[in-house]
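Protein chains in written order, with the working numbering: chain A, 1425 to 1681; chain B, 1425 to 1681; chain C, 1425 to 1681; chain D, 1425 to 1681. Just so you know, even glycine gets a beta-carbon here, dropped at the ideal spot from N, CA and C. None of the values given here were measured: they were computed from a predicted structure. Here's the structure we're looking at; comments come further down.
Number of protein chains: 4
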Amino acid sequence: MEKTIIIEKTKTKLRSPILVEGFPGLGMVGRIATRYLIKQLGAKKLADLYSPHFPYYVLVNKKGSVRLLRGEFYFWKNESGENDLLFLTGDYQAQTIEGQYEVASRILDFAEQSGVRMIITIGGYRKETEEDPKVVAVSGDPELLNRALNAAAIASPAGNPIVGTAGLLLGLAKFREIDALCLLGETRGYLRDPNSAKSILHVLQRILNIKVDLEGLEEEIKKSDEVVEKMREIEERRETYAQKLRRMEEERITYIS
Amino acid sequence: MEKTIIIEKTKTKLRSPILVEGFPGLGMVGRIATRYLIKQLGAKKLADLYSPHFPYYVLVNKKGSVRLLRGEFYFWKNESGENDLLFLTGDYQAQTIEGQYEVASRILDFAEQSGVRMIITIGGYRKETEEDPKVVAVSGDPELLNRALNAAAIASPAGNPIVGTAGLLLGLAKFREIDALCLLGETRGYLRDPNSAKSILHVLQRILNIKVDLEGLEEEIKKSDEVVEKMREIEERRETYAQKLRRMEEERITYIS
Amino acid sequence: MEKTIIIEKTKTKLRSPILVEGFPGLGMVGRIATRYLIKQLGAKKLADLYSPHFPYYVLVNKKGSVRLLRGEFYFWKNESGENDLLFLTGDYQAQTIEGQYEVASRILDFAEQSGVRMIITIGGYRKETEEDPKVVAVSGDPELLNRALNAAAIASPAGNPIVGTAGLLLGLAKFREIDALCLLGETRGYLRDPNSAKSILHVLQRILNIKVDLEGLEEEIKKSDEVVEKMREIEERRETYAQKLRRMEEERITYIS
Amino acid sequence: MEKTIIIEKTKTKLRSPILVEGFPGLGMVGRIATRYLIKQLGAKKLADLYSPHFPYYVLVNKKGSVRLLRGEFYFWKNESGENDLLFLTGDYQAQTIEGQYEVASRILDFAEQSGVRMIITIGGYRKETEEDPKVVAVSGDPELLNRALNAAAIASPAGNPIVGTAGLLLGLAKFREIDALCLLGETRGYLRDPNSAKSILHVLQRILNIKVDLEGLEEEIKKSDEVVEKMREIEERRETYAQKLRRMEEERITYIS
């Protein structure tokens, strides 16, 4: 395998599908949100994406078996709306610049071939915040951006970079005349952040006009809060110690100078 | 997108165009000078350059929209002279060696196809200086070099490397029999340096025989000077502190030895 | 040479060959085990693999001659069983992500062309252990996994990554419908570990139904144990010293605070 | 330019040419020796080699002009012997693994096409030595190796790696049935070492049966010795200082423990 490839696992006909992408990234927000939707909606596997730009190892899974790192496409037939959904998540992002562009291009090839005319990419937005994380929306399409703002997202400040697959899909979609929207959940980013993913899902439900029970995220949020609390305690003890050291250094300097 | 591509936004016929290139680099000198010229002359967008060797993120712009990192070609029809101008600036340089060579080759393909027979690349030249920054000129064409020296540029010392697109265009132009000149504005290089860009523009005006009002750069220069002043103060305080520490260490060593 | 190539040194017809791969890696377990088998069975050279993704130097060998870094295929005709054996070991692994995928793909091309329907890859499994190293088995084929578990291997926990050629061959074999098993010998990993290789060989003999005298490994194991013992002594002295330093720091802090 | 290219500057017919290669490397031994030979013999430029794997900058040369980094082939018609000589030196080595293999392959293409049946590569061999640097010889061809040993070179110990173009040419020449010899001059390696280059030239003259005045290297050797002497003084002062610090630390620890 010397190029990124997509292997279809089943054939299906989708009605005006919208692609929702959430690869791992800041706070794992995109991956958590996308995987939760796949599980809650009971979406079915459509295809696997493999790439020589993913890290060169394989993962052992629960059944004792083994597999290459991959991206996964899932589909969901929307009985009550006019857009079926296509989901894309994965284990890892491509590890080189050129690999990032190649993977994003292959994803768009597959999306086009599946009839996708709209893409929503999901990621994290770094922010130190104590409050409920907000959702930042970015789109080159004013109508689509408005749809996100009406769904309680906020507009992004200018100059803000969107890194990785979520960003490149947005930028490259324009060349194929596919509408694209990016939703970024505020997050501190250094730990899994299911709370930020939940904010994303609130906004996404309204944009897609679907209804998903978000209760299942609560347990993960609780666990994650406990980890954050523990990290904070450790940080505080470390800071106390560091302060003592600094005070000591200052006294020595005062004494000498 | 797996190769560098150039997408034309309009068609136009240029008379013996000269390409002026200023990608980001040392002190942002090339980019500031080129963008200022584009704005003052009211040059029009000709084409966009995209590359899988640029960093893999997209930028959110002022209108809330989003775009890939890119290079931009602009053109200006010179009513009173015999050379129309083509400008090239961009967000970023290619991030790998191979990418740098590929991007420079695509730029030259496009320049050739647009009828360009002369290229002027702009960059920064690292120098600790308090005075007005000088402009260093380099060219394989003695006549072109003289034109720059007559326009108040100075010759470069031997052995001086010119890094990135400004250098590669110069080196690769020779294979296509395109004349090329590089103008480097002296700069400390670690901060945006509009003052160095102004020196470049003084020289460039005389070479190109055009007239541009440089007043608009003054405000940016004033702001930049304030930043430099603040940095200097911080540096001085840090140095005082470091001296005390060194003195302390020396006393301890003297005491022991 | 701009692509990975395999140069056959002889032609032979193999009966249902099984490929046993052991490139250098954690504790050199795979390489030690594979080379020992090659030597004990008197396997013959079949082919050399060269790659522009190996490090760019050559090695001087015992005869004063010189050679590129390479992989080596050996074959052994199994007179008393139904599967001939093919061995692959080498000097180094590919140094880039893309190189790893390319080398693994070329190996599988060659394996397919040689009639291989089963691959066993060997590597190390990082574990701090005082006991006899266990052998961890991973396979996507339940029958093959069982064969390993019946040969005294243990199952791998989920989530465990298998890095490099041993992993990629396992992951990529699936696309070619080749059965694949990975055996990982427990090892601390920072030194050559012939003891872990011996554990691998115990398991491998039973899986392959062959009989090899492992006595020859004992001397290397003894030497390796001595090195470990020396390292431990150094580590202990270093720890004593570090404790004194920590105590000293604590006293100073207590004094100040 | 996206591939390594060689541009011929003149056409000539060479009689059984031997290629002598000396790219920059350890102590610059290969480059100094090769350039000295080119100059003393009055060899003429044959071709330039350019590569997108060299660093991405251009050099300003003495005439105020500018050029890409390159390799240079020179030829010398040997009036009194049966082998004309071809020389190759350059500014830099390729910067990536894949680039190193590509450049070496292009060099061999050009050598073959020029009728070369023998290659001698030159480099440095790291050794802390006060004496006259010896010359280490490596070759896969016993006859050629003997020729070097008879010319006062010594054999290389096994396991010694030869890094970069000097090594790869040696390793890859075998596939084209070109005889190859590598001569490595002992050097500390961290400074230009014309003395080691001189040792190489002594050996090379006898192998090639040519006579070159080496007097011209003496001045450079004298300058280089002065630099080494200065470096040693600085090193000694630093060591004295470091010893005092270590003693101080030990006293503090003794005091506390």
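Checklist entry - Any C-beta of chain C sitting closer than 8 Å to the C-beta of residue 1524 of chain D? => result yes
As an exercise, report each continuous alpha helix (DSSP H) stretch of at least 4 residues that is fully enclosed by the region 1580-1608 of chain A, in chain order. 1589-1597
task = Could you tell me the distance, in whole angstroms, from the CA atom of residue 1553 of chain C to the CA atom of residue 1611 of chain C?
result = 7 Å
Beta-carbon contacts of residue 1497 of chain C that lie in its chain and below 8 Å, excluding the five residues immediately before and after:
1430, 1469, 1470, 1471, 1472, 1473, 1510, 1511, 1512, 1534
**Q.** Own chain residues within Cβ distance below 6 Å of residue 1681 of chain C, not counting five before or after
**A.** Per-residue confidence for residue 1681 of chain C stands at a pLDDT of 49, beneath the threshold of 50, marking its modelled position as unreliable; no derived number is given.
Check whether the region 1552-1567 of chain A and the region 1601-1615 of chain A are in contact - that is, three or more C-beta pairs closer than 8 Å. yes
Span of the beta strand (DSSP E) holding residue 1496 of chain D? 1495-1500
| message | Does the structure place the region 1573-1582 of chain A close enough to the region 1658-1665 of chain A that three or more beta carbon pairs sit under 8 Å? | response | no
#### Entry: Proximal chain B residues relative to residue 1470 of chain D, where beta-carbon distance stays under 9 Å
Here the premise fails: no neighbours, minimum Cβ distance about 18 Å.
Note to self: Between A:1445, A:1601, A:1446, A:1492, which has its C-alpha nearest residue 1583 of chain C's C-alpha?
What the structure shows: A:1492
Could you check whether residue 1480 of chain D and residue 1588 of chain B sit closer than 8 Å to each other, using their CB atoms as the reference points?
yes
| query | Which chain A residues sit within Cβ distance under 8 Å of residue 1521 of chain C? | reply | 1476, 1477, 1478, 1479, 1480, 1519, 1520, 1523
Subject >> Among B:1525, B:1457, B:1658, the one whose alpha carbon lies nearest that of residue 1428 of chain B >> reply: B:1525
- prompt: Measuring CB to CB, does residue 1499 of chain B end up less than 8 Å from residue 1457 of chain B?
  reply: no
With a CB to CB cut of under 7 Å and the five nearest residues on each side skipped, what residues in its chain are close to residue 1488 of chain B? none
Which same chain residues end up closer than 7 Å to residue 1715 of chain D when comparing Cβ atoms and leaving out the 5 residues on each side of it in sequence? Only positions 1425 to 1681 of chain D appear in this structure, which leaves residue 1715 of chain D out of reach.
Alpha-carbon spacing of residue 1635 of chain A relative to residue 1581 of chain C, whole angstroms: 37 Å
For this session: Round the Cβ separation of residue 1617 of chain A and residue 1451 of chain A to the nearest angstrom and send it over; I've been treating them as touching at under 8 Å.
Result: 3 Å
Completely contained alpha helix (DSSP H) runs for the region 1492-1567 of chain A, where each covers 4 or more residues:
1521-1537
>> Is the beta carbon of residue 1597 of chain A closer than 8 Å to that of residue 1532 of chain A?
In response: yes
query: Mind checking residue 1585 of chain A: buried by the 16 CB within 10 Å criterion, or exposed?
result: exposed
Exercise for the section: Grab me the residues of residue 1651 of chain C's own chain with a C-beta within less than 7 Å of its C-beta, minus the 5 sequence neighbours each way, in chain order. Expected result: 1615
- prompt: Is there at least one Cβ from chain C nearer than 8 Å to residue 1489 of chain A's Cβ?
  reply: yes
- Item | Where the beta strand (DSSP E) through residue 1468 of chain C begins and ends | 1468-1474
Who are the near neighbours of residue 1565 of chain B in its chain, counting only those whose CB is closer than 8 Å to its CB and skipping five residues on each side?
1603, 1604, 1605
Practice task
Measure the C-alpha to C-alpha separation of residue 1476 of chain A and residue 1595 of chain C and round it to an integer number of angstroms.
Solution key: 12 Å
Check your understanding: What does a CB cutoff of less than 6 Å around residue 1644 of chain A pick up in its chain, not counting 5 residues either side in sequence?
Key -> 1618
Inset, instruction - Go to residue 1483 of chain C, then tell me how far its alpha helix (DSSP H) extends in each direction, as first and last residue. - result: Element bounds for residue 1483 of chain C: not the alpha helix (DSSP H) but the beta strand (DSSP E), 1481-1484.
query: Tell me which same chain residues have a C-beta within less than 6 Å of the C-beta of residue 1544 of chain C, skipping the five on either side of it?
result: 1444, 1605
Ignoring anything shorter than 4 residues or poking outside the region 1602-1657 of chain C, list the alpha helix (DSSP H) runs there in chain order. 1618-1632
* Asked: For the beta strand (DSSP E) that contains residue 1454 of chain C, what are its first and last residues?
  -> Unbroken run through residue 1454 of chain C is the alpha helix (DSSP H), 1453-1465; no beta strand (DSSP E).
Quick check on residue 1426 of chain C - is its C-beta less than 8 Å from some C-beta in chain D? yes
### Query
Apart from the five residues on each side of it in sequence, which residues of its chain come closer than 8 Å, Cβ to Cβ, to residue 1671 of chain B?
none
Provide the residue span of the beta strand (DSSP E) that contains residue 1449 of chain B, from first to last.
-> Unbroken run through residue 1449 of chain B: none, as it is neither H nor E.
Any beta carbon of chain E sitting closer than 8 Å to that of residue 1579 of chain A?
The structure shown contains no chain E; the protein chains it does contain are A, B, C and D.
Going by DSSP, name the residue or residues bridged to residue 1443 of chain C. C:1510, C:1543
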